[in-house]
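Inspection log for the structure reproduced underneath, given as structure tokens.
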Amino acid sequence: MNKQYRIVTLGSHSALQILKGAHDEGFKTLVIALNKQISFYKRFPFIDEIVGLNAFFEFPEIEKKLLDKNIIVIPHGSFVAYLGMEGNKKMTLPYFGNKKVLDFEFDRVKQGDWLKKAGITTPKEYKNINDVEFPVIIKSFGAAGGKGYFLVNNHKDLVEKIPSFAKASEGKKYIIQQYIVGVPLYIHYFYSPLTKALEIMSMDRRYETNVDALGRIPFDVDPNYVVVGNSPLVLRESMLPEAYEMGEKVVKKSRELINSQGLFGPFCLETIITPDQKFYVIEISARIVAGTNLFIQGSPYSDLTYNEPMSTGRRIAREIKIAIEENKLNLILD
Amino acid sequence: MNKQYRIVTLGSHSALQILKGAHDEGFKTLVIALNKQISFYKRFPFIDEIVGLNAFFEFPEIEKKLLDKNIIVIPHGSFVAYLGMEGNKKMTLPYFGNKKVLDFEFDRVKQGDWLKKAGITTPKEYKNINDVEFPVIIKSFGAAGGKGYFLVNNHKDLVEKIPSFAKASEGKKYIIQQYIVGVPLYIHYFYSPLTKALEIMSMDRRYETNVDALGRIPFDVDPNYVVVGNSPLVLRESMLPEAYEMGEKVVKKSRELINSQGLFGPFCLETIITPDQKFYVIEISARIVAGTNLFIQGSPYSDLTYNEPMSTGRRIAREIKIAIEENKLNLILD
Amino acid sequence: MNKQYRIVTLGSHSALQILKGAHDEGFKTLVIALNKQISFYKRFPFIDEIVGLNAFFEFPEIEKKLLDKNIIVIPHGSFVAYLGMEGNKKMTLPYFGNKKVLDFEFDRVKQGDWLKKAGITTPKEYKNINDVEFPVIIKSFGAAGGKGYFLVNNHKDLVEKIPSFAKASEGKKYIIQQYIVGVPLYIHYFYSPLTKALEIMSMDRRYETNVDALGRIPFDVDPNYVVVGNSPLVLRESMLPEAYEMGEKVVKKSRELINSQGLFGPFCLETIITPDQKFYVIEISARIVAGTNLFIQGSPYSDLTYNEPMSTGRRIAREIKIAIEENKLNLILD
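Protein chains in written order, with this note's numbering: chain A, 6 to 339; chain B, 6 to 339; chain C, 6 to 339.
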């Protein structure tokens, strides 16, 4: 039955994983890609159709042509970067996920509020540069892919860097956040509105240039945090119950704060773990993150619960498939 | 036939891997978990039964109730932390492994003796702080999970830190060990008393907070070594023969030093590799280590020898299954 | 039909992967190993035959004995180290790959020329120490496994280290190369002359001692770059098209510069990625690299294109199998 549906996403981020997963669950697949990347997406046999555009602002035109097909769009981490938040909200094609979550994800004040009210530990944020306890990291609102982060460890550098940062962030607002000294761990969740169960699909850490090379260089270099890849991790089992609880708290609170549907599908808590084994959540991503690309054939976590290879991309398609079978697509589309 | 047996472990460390492996080999599974973690272990369909307790000191009472069932207990790295060494030794339930090894594993003098007599290179240990060549690392006896380690690079810091360390380690004895400058590699072995063959199951490195973040921070931070996860590695093939030989030497020597049964089942050599490609073994763990949790579906090493997914947890269950079939349980239980 | 052929390699580097892959594709396998490592290779059931020698200079004698068998030799990264470039060229056994590529791979001037003419960005090289912009890395021609690299960040150190380096590199020539500050990523390609398609098989980063430990040590240590292992990575999807293009450019240019057959089979571009998401290629390896040993059961990349576990070693055997079936062995052997 799901043969009648086409799973669609934009060509970037985790499109390959999403479309491979959709294909494995029996869906037709379609990628909307920049013309210059059509030849790239043609390499993959699980992509049934490619629609090209010159720039992503042409998306609304593409959308019109797709309206007569049984389309379900899977958003990923580049949707907001490419279409803007408004572009996402205006999309008329059936969209996997809850668009209301976008307002809470992309407003740092609302996001912090959501996490804190859910009982999650987050780093302190400083409004006044005179209150700052060092080290801190300066981040622009809506910074993507780790670009435009600055680590500062003293007042002099802070005062010096704020103006150049404000310039670099092109007038966007920024926050001054406590820098937590600990190791990063990104936890990939999937919450099913059909089974009402939360799953941990996998975990990773980002591979960031140049900061992940600093430890290899015996002289001083200013760190940059541009994400160019990911590497796999597992978490100590005694900390795993808390990892699940954090995910459940965030989902639960989203239903109170956002709307009754709340957060569902894939999401990620980006944590820093300190030596007292405490999780600090520095960010929530309310959709599939690129770290899941490591696990096309499943992860140590999905391998615990599935007797078949289960990526997050495939898990999304599985959810849609079950919703179609149970006639509950309304629960997972927006 | 193995359907009649229940594989049991404590809820922590590598319990999920052990019980998933047991389930995959056709055993019934039971986890003994803190009451507050029952809901966590309920998430996993391969766990047939959960017995709750308020604290692990209640274990002897649980044990009495389990005596009439066909139980086999699989110890893991948290057994000594939770039950104490005496608690492990007093256990009357059939226990996979040789309990006599515990005395050699948890006494640093005996452990060092064992490794050195086996021909393994270990870091120097200093009895007198005036003899110390820097850098050194101070470790308490029985430190678990990397907590309570101090790296010291000069005499002044050593003299200053020893008292605060002695306090932090709460009167436990400590050692001053040569700090080997090189990269860590943890080798996961399995020795079968049935086939008399040693296998390398997988390899990892620990993910330690905050020390594994230091390289990302351009200012000075004191290192901590608290293990919160693991990441996968493979070793250069030209060094693999030596990795096997080290494992075999340790097993062989254990039969001379400990008793005729010696070390068997899963164990781990925790190595540091220096630029001259020399292995220094900083520790032996005589049971399953948490780094194996990365390999629920097998590792590049188990994939060389098994045509099916083979975690260390599953390998243990396989050994028990074969022992049952061959009526040789006495060779692997204590 | 491929049952009649034996896949042969030298016992080191990626021999296990190559022979396991050959076995999985239905070939007989043979390893030529040092006598002291025969017991090691005997551990692996997918190796049908082991031929021992005391030292690799005995290889020509072995070769004579093998001439009457249907042998195909798969070279790997240790072939030049063990047999010398001349030893490789003189080999009369059927050899998978194009030996003409050796001249371009092992001459740093020719290699740099090849890459630059292919439109690949490479680090600057300095002929005159007075022109140097720091940091730079000094590398000897033909340095293997990362041994004999020196990182230098100022003129004084450069002047001091050059003589000691020249001594350490035993009269071999050396280059002074711009040190690119960024994260390493090694891309494993396979180009098929049969399908004329380029595949990305997997990616890794090297695990080097002691440089990959420096970030864990809060005092100054001189870096060494000796490769002792590998860890897995995936690349940001938006950079993947460029990764494919780089591979295709290198293959295409090889047909113009080297000969009509050009580069084929497995090869690796060793890249450094800077914060502006630019790839610098610091080296090309024109054969299977050891980083592929992580992926005995496939990688996130091979999992996208194959519905079965596909290592690079197995991919080589698959290519040979197809060539046998299509009577095109001449296209892939030298």
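The C-beta atom is built at its ideal place from N, Cα and C for all residues, glycine as well.
Backbone secondary structure at residue i - three-state DSSP
i                : result
GLU250 (chain B) : helix
ILE52 (chain A)  : coil
VAL137 (chain B) : coil
MET244 (chain A) : helix
MET208 (chain B) : strand
PRO128 (chain C) : coil
ASN235 (chain A) : strand
LYS326 (chain B) : helix
PRO168 (chain C) : helix
SER290 (chain A) : strand
VAL105 (chain A) : The amino acid occupying residue 105 (chain A) in the given sequence is Lys; Val does not appear at that position. Looking at LYS105 (chain A) - three-state DSSP - the assignment turns out to be coil, as it is neither helix nor strand.
PHE84 (chain A)  : helix
ILE321 (chain A) : helix
ILE23 (chain B)  : helix
TYR285 (chain A) : strand
ILE185 (chain B) : coil
SER265 (chain C) : coil
ILE143 (chain B) : strand
GLY150 (chain C) : coil
Identity of the residue in the options nearest residue i by Cα
i                : options                                : result
PRO280 (chain B) : C:ASP217, C:ARG260, C:TYR184           : C:ASP217
ILE327 (chain B) : B:TYR285, B:LEU199, B:TYR87            : B:LEU199
VAL85 (chain B)  : B:MET315, B:SER290, B:GLU66, B:VAL231  : B:SER290
ASP339 (chain B) : B:VAL232, B:ILE76, B:GLU242            : B:ILE76
LEU98 (chain C)  : C:PRO50, C:LYS69, C:PHE61              : C:LYS69
TYR179 (chain C) : C:LEU334, C:GLU324, C:LYS144           : C:LYS144
ALA117 (chain C) : C:GLY26, C:VAL255, C:ASP53, C:THR310   : The displayed chain sequence assigns Gly, not Ala, to residue 117 (chain C). Minimum Cα distance to GLY117 (chain C) is reached at C:VAL255.
GLU275 (chain A) : A:PRO128, A:ALA202, A:PHE284, A:GLU288 : A:GLU288
ILE222 (chain A) : C:HIS28, C:MET208, C:PHE139, C:ILE134  : C:PHE139
ARG320 (chain C) : C:ASN332, C:GLU213, C:SER207           : C:SER207
VAL79 (chain B)  : B:LYS129, B:PHE62, B:SER259, B:PHE32   : For the record, residue 79 (chain B) in the displayed sequence is Ile; it is not Val. That would be B:PHE32, whose Cα lies nearest to the Cα of ILE79 (chain B).
TYR263 (chain C) : C:SER44, C:PHE300, C:PHE109            : The sequence shown places Ile at residue 263 (chain C), rather than the Tyr named in the question. With distances taken between Cα atoms, ILE263 (chain C) lies closest to C:PHE109.
Where the alpha helix (DSSP H) containing residue i begins and where it ends
i                : result
PRO189 (chain B) : Where PRO189 (chain B) is concerned, there is no enclosing alpha helix (DSSP H), although the beta strand (DSSP E) it sits in stretches over 188 to 197.
THR310 (chain C) : 307 to 310
ILE67 (chain B)  : 64 to 71
PHE300 (chain A) : Unbroken run through PHE300 (chain A): none, as it is neither H nor E.
ILE43 (chain C)  : 43 to 46
Beta-carbon spacing of residue i, residue j below 9 Å
i                : j                : result
LEU107 (chain C) : VAL286 (chain C) : no
TYR194 (chain A) : VAL239 (chain A) : no
ASN103 (chain C) : PHE269 (chain C) : yes
THR14 (chain B)  : HIS81 (chain B)  : yes
LEU24 (chain A)  : GLY318 (chain A) : yes
VAL56 (chain A)  : LEU72 (chain A)  : no
TYR100 (chain B) : PHE64 (chain B)  : no
ASN215 (chain A) : GLY187 (chain C) : yes
ILE192 (chain C) : MET96 (chain C)  : no
ASN298 (chain C) : SER19 (chain C)  : yes
LEU163 (chain A) : TYR184 (chain A) : no
ARG211 (chain C) : GLY296 (chain C) : yes
LEU190 (chain A) : PHE284 (chain A) : yes
VAL294 (chain A) : PRO271 (chain A) : yes
ARG11 (chain B)  : LEU35 (chain B)  : yes
ILE181 (chain C) : ILE205 (chain C) : no
ILE301 (chain C) : SER316 (chain C) : yes
TYR249 (chain B) : PHE61 (chain C)  : no
Range covered by the beta strand (DSSP E) that runs through residue i
i                : result
THR14 (chain B)  : 11 to 15
VAL114 (chain B) : That residue, VAL114 (chain B), is in no beta strand (DSSP E); its alpha helix (DSSP H) goes 113 to 122.
LYS33 (chain C)  : 33 to 39
TYR154 (chain B) : 154 to 157
ILE277 (chain A) : 270 to 278
VAL78 (chain A)  : 76 to 78
Any non-hydrogen atom of the ligand SAM closer than 8 Å to residue i Cβ
i                : result
MET208 (chain A) : Absence of the ligand SAM from the depicted structure is noted, as is the absence of any ligand whatsoever, leaving it without description.
>> Contact between the segment 214 to 231 of chain C and the segment 148 to 159 of chain C is defined here as three or more beta-carbon pairs at a separation below 8 Å; is this criterion met?
In response: yes
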